[in-house]
Each structure stands twice: as structure tokens, then as C-alpha cells.
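Residue numbers (my numbering): 0 to 43.
For each residue, glycine too, the CB sits at the ideal point set by N, CA and C.
Here the structure is a predicted model, which is why all the values come from computation and not from measurement.
Structure first, commentary second.
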Amino acid sequence: MWEYNLVIWFSIFRHEMGFSEAISNLTDFPCSIASSCFRTMHAL
């Protein structure tokens, strides 16, 4: 379920930050997914 929440969060984030800034930050997004996944799996 956390994947779905992450999609919603990113949609809100993209809307708030603006499209151009979202593209600039897009390179950091895979790292955020990886770290979130790691923390989630570690917590389980």
C-alpha cells in the first residue's frame, strides 16, 4: 500500500513544486524510492 501513497505524495509534490522543478528533482526520485523501500522492508 505504501507504493500507492508514494505515488500520491509525488503527485502532490510535483503539483506544489511546479513541473520544471519536479523534472530537476526527478533524478533524486529513484533514490527516494529505494530508501523508502529499504526502510519499509527493514521495518517489516
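Where residue i falls: helix, strand or coil (DSSP)
i: Leu5; result: helix
CB contact check: residue i to chain D, cutoff 8 Å
i: Phe37; result: This model lacks chain D altogether, as it is built from one protein chain only.
Nearest-angstrom beta carbon gap, residue j and residue i [assumed within contact, 8 Å]
i: Phe28; j: Phe9; result: 7 Å
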